[in-house]
Amino acid sequence: MSTLLECKGLFKSYSGRPALKNVNLAIESGHIVGLLGPNGSGKTTLIKLINGLLTPTQGELYINQNPVGVESKKIVSYLPDHTYLDMNLKVRDIISYFMDFYEDFDEKKAYDMLSKLRINPGDKLNTMSKGTKEKVQLILVMSRRAKLYVLDEPIAGVDPAARDYILDIILSNYEEDATILISTHLIADIENILDQVIFLKHGEISLISSVDDIRSGQGKSVDALFREVFRC
Amino acid sequence: MLGKYMKHEFKETGKLMIPLNLVILVFTLLGMVMLGSRLLSTPAMALIGIASLTLYILTLFAIFIVVYVYFTVRFYKTMYQSQGYLTHTLPLSTGSIVNTKVFVSLFWVTVTVVFTTLSIIALVYTAMGQEWGKMAVDSDISFLKELLFSFLLPCFSLTILGCLEQLLMIYASLAIGQLFRQYRVLASIGTFFVFYIALQILGTLTMFFTQFFSMDRLFHISENISGDSFIPFYRQLFSVSTIEVIVFCIVFYILCYWLTDKKLNLE
């Protein structure tokens, strides 16, 4: 397995206030990795750095041996924690937009998922409910045959039934050799699908471990360990 | 990839820009019909004529304001707000993104300037009709040629360059505004005004340093812009202004590009 994502001495600060401190990390392909931490721990900052939406204060970041840039963006499929599409567009227009820019976009897959969820491709985003918009975004992201899927809080703000459905979409649509980096603080809901976890605390990595090691080595669930590590 | 991005930018911006330019076209045609039919020759209709002219001028101003506000808001939304998350995760270089945005906005501003100019010419021609044609025939052909190449065309080029300078100044202001954690819009507006004032000061200083506004010239300005020296005066003015505008364009472009490429801050 090759290293897909590598962070070397990564620092990020906002107006002198550190958000990430000396993050060193290597993630291999073919894993589902949970980026876990309480609110404000630096999860979204790290994800934005991976996607080139922020520039690091210090340190280096490589995706498939490339620095963040055009080449890395070709293989990373990113789901932000909020709506980021032009609300005046129809779903069909957005699909054609994604097809134009991402060579790995699977149009048939996107329309199949829309059909299963009974979303009309002719509808404009601004006529949809918040939950439907989120589903459209997830469909767009998961319709790519990317090497790295970066999902920022994909199940936050939705009801438990919808959470299962979203996780099902994620699991049944990603490429086998791809890696999913999924950020959340709702550990219990995603624990069963994770291979690895990264705990972020006050901008620093406090733990990198496989889920099996946590369960067998410490005899705890990831959720239980999370509550222990991040107890207020 | 750049071509595809440009195609989408044209498609999106065209949704507003085509109807706006059609408004100019419709107003021009209406104006030509009114002026051509001599409907306004009676005193009673003259008032309607004045009101129509006022409405026409206000519409042209409003269209230019809408164009600039639209491109400002669009640039801000698609570069530094939520839609920026999509823009900056497309497999495109920062140069491709910034160049496309600048090119497409300049294209539409140029189209609007051309439509407006043609509209004014068409209305004046309709109003003056044959007298205008007669004036052209009576004039010396070499003077008309010089007027076209030494005054009208440079004037048009400078207008378009000025529009580019304005767009780049706005984009550079937004690029600086996005660096702030809070009050980003306010910071962008503040930066724009600082740039604007700096531009005025530097512009005036340039004129003095190039001896264009020497005290001697200021005292004899009316003499200088009359008669045979009319065209040379403007030729010199255009040369100095063009160099100045190009320099400012380069500075604003570099600022916008560098800040977006190296200091992007989508918090």
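Protein chains in written order, with the numbering used here: chain A, 140 to 371; chain B, 37 to 303. Glycine included, C-beta positions come from ideal geometry on N, C-alpha and C.
Specify the secondary structure class of residue i as computed by DSSP and reduced to three states.
{"i": "P190 of chain B", "result": "helix"}
{"i": "L143 of chain A", "result": "strand"}
{"i": "Y270 of chain B", "result": "helix"}
{"i": "R110 of chain B", "result": "helix"}
{"i": "G79 of chain B", "result": "Correcting the residue identity first, residue 79 of chain B is Pro in this sequence and not Gly. The answer is helix: DSSP assigns P79 of chain B an H, G or I state."}
{"i": "A317 of chain A", "result": "coil"}
{"i": "T90 of chain B", "result": "helix"}
{"i": "R217 of chain B", "result": "coil"}
{"i": "T125 of chain B", "result": "coil"}
{"i": "N301 of chain B", "result": "strand"}
{"i": "G226 of chain B", "result": "helix"}
{"i": "G155 of chain A", "result": "coil"}
{"i": "Q202 of chain B", "result": "helix"}
{"i": "G181 of chain A", "result": "coil"}
{"i": "G85 of chain B", "result": "helix"}
{"i": "G120 of chain B", "result": "helix"}
{"i": "S322 of chain A", "result": "strand"}
{"i": "S345 of chain A", "result": "strand"}
Does the beta-carbon distance from residue i to residue j come in below 7 angstroms?
{"i": "T196 of chain A", "j": "S268 of chain A", "result": "no"}
{"i": "S323 of chain A", "j": "H170 of chain A", "result": "What sits at residue 323 of chain A in the sequence shown is Thr, not Ser. No, the Cβ-Cβ distance between T323 of chain A and H170 of chain A is not below 7 angstroms."}
{"i": "G198 of chain A", "j": "V336 of chain A", "result": "no"}
{"i": "L142 of chain B", "j": "L200 of chain B", "result": "yes"}
{"i": "T162 of chain B", "j": "L71 of chain B", "result": "yes"}
{"i": "S211 of chain A", "j": "I202 of chain A", "result": "yes"}
{"i": "L218 of chain A", "j": "V207 of chain A", "result": "no"}
{"i": "L364 of chain A", "j": "I347 of chain A", "result": "no"}
{"i": "G342 of chain A", "j": "P177 of chain A", "result": "no"}
{"i": "L126 of chain B", "j": "F150 of chain A", "result": "no"}
{"i": "T146 of chain B", "j": "I84 of chain B", "result": "no"}
{"i": "L143 of chain A", "j": "S168 of chain A", "result": "yes"}
{"i": "S209 of chain B", "j": "F192 of chain B", "result": "no"}
{"i": "Y223 of chain A", "j": "L128 of chain B", "result": "no"}
{"i": "T194 of chain A", "j": "L300 of chain B", "result": "yes"}
{"i": "D230 of chain A", "j": "V280 of chain A", "result": "A small fix is needed here, since residue 230 of chain A is Val in this sequence, not Asp. Not a contact, by the Cβ cut-off of 7 angstroms."}
{"i": "Y293 of chain B", "j": "V134 of chain B", "result": "yes"}
{"i": "T184 of chain A", "j": "D291 of chain A", "result": "no"}
{"i": "G120 of chain B", "j": "L302 of chain B", "result": "yes"}
Assuming residue i is part of the beta strand (DSSP E), what are its boundary residues?
{"i": "F179 of chain B", "result": "Premise fails: F179 of chain B lies in the alpha helix (DSSP H), 177 to 183, not in any beta strand (DSSP E)."}
{"i": "P219 of chain A", "result": "It is not in any beta strand (DSSP E) - P219 of chain A carries neither H nor E in the DSSP assignment."}
Find the nearest neighbour of residue i within the set the options, judged by alpha-carbon distance.
{"i": "Y304 of chain A", "options": "A:I337, A:D328, A:L364", "result": "A:D328"}
{"i": "Y232 of chain B", "options": "B:S141, B:T278, B:G120, B:F288", "result": "B:F288"}
{"i": "E330 of chain A", "options": "A:L253, A:E343, A:E314, A:I294", "result": "A:I294"}
{"i": "D297 of chain B", "options": "B:V59, B:S132, B:E45, B:L38", "result": "B:S132"}
{"i": "S345 of chain A", "options": "A:D334, A:V368, A:A363", "result": "A:V368"}
{"i": "D316 of chain A", "options": "A:V289, A:K212, A:A285, A:I332", "result": "A:A285"}
{"i": "K263 of chain A", "options": "A:I166, A:F338, A:V289, A:D232", "result": "A:D232"}
{"i": "L194 of chain B", "options": "B:I282, B:A223, B:M115", "result": "B:I282"}
{"i": "R302 of chain A", "options": "A:I326, A:N161, A:E314, A:R156", "result": "A:I326"}
{"i": "V350 of chain A", "options": "A:R156, A:G155, A:L175", "result": "A:L175"}
{"i": "R110 of chain B", "options": "B:L52, B:Y270, B:L159, B:S155", "result": "B:L52"}
{"i": "V149 of chain B", "options": "B:F274, B:A80, B:I60, B:K47", "result": "B:I60"}
{"i": "R224 of chain B", "options": "B:R271, B:M205, B:F187, B:L241", "result": "The question names Arg, but residue 224 of chain B is Ser in the sequence shown. When each option's Cα is compared against that of S224 of chain B, the closest is B:M205."}
{"i": "T278 of chain B", "options": "B:Q117, B:Y293, B:M243", "result": "B:M243"}
{"i": "M68 of chain B", "options": "B:L159, B:F228, B:L203", "result": "B:L159"}
{"i": "L159 of chain A", "options": "A:M281, A:E246, A:S180", "result": "A:S180"}
{"i": "A165 of chain A", "options": "A:K182, A:T183, A:G155, A:C146", "result": "A:C146"}
{"i": "L203 of chain B", "options": "B:G50, B:P55, B:D176, B:V140", "result": "B:V140"}
{"i": "G165 of chain B", "options": "B:S73, B:L273, B:K43", "result": "B:S73"}
{"i": "G226 of chain B", "options": "B:A211, B:G239, B:M81, B:I237", "result": "B:A211"}
Return the first residue and the last residue of the alpha helix (DSSP H) that residue i is part of.
{"i": "L175 of chain A", "result": "Unbroken run through L175 of chain A is the beta strand (DSSP E), 171 to 175; no alpha helix (DSSP H)."}
{"i": "E382 of chain A", "result": "For residue 382 of chain A there is no data in the structure shown, the boundaries of chain A being 140 and 371."}
{"i": "L224 of chain A", "result": "Here L224 of chain A belongs to no alpha helix (DSSP H), and DSSP marks it neither H nor E."}
{"i": "S132 of chain B", "result": "130 to 164"}
{"i": "S355 of chain A", "result": "350 to 357"}
{"i": "H44 of chain B", "result": "38 to 72"}
{"i": "F369 of chain A", "result": "F369 of chain A -> no alpha helix (DSSP H), and no H or E assigned at all."}
To be precise: take each residue of the stretch 184 to 199 of chain A, compare its Cβ to all Cβ atoms of chain E, and keep it if any distance is under 9 angstroms. Which residues remain?
Judged by its chain identifiers, the structure shown contains no chain E, and its protein chains are A and B.
Entirely enclosed alpha helix (DSSP H) segments - the stretch 236 to 305 of chain A, minimum 4 residues
246 to 255, 269 to 281
Report the start-end ranges of each alpha helix (DSSP H) in the stretch 189 to 215 of chain A that is 4 residues or longer and not cut off at the edges.
209 to 214
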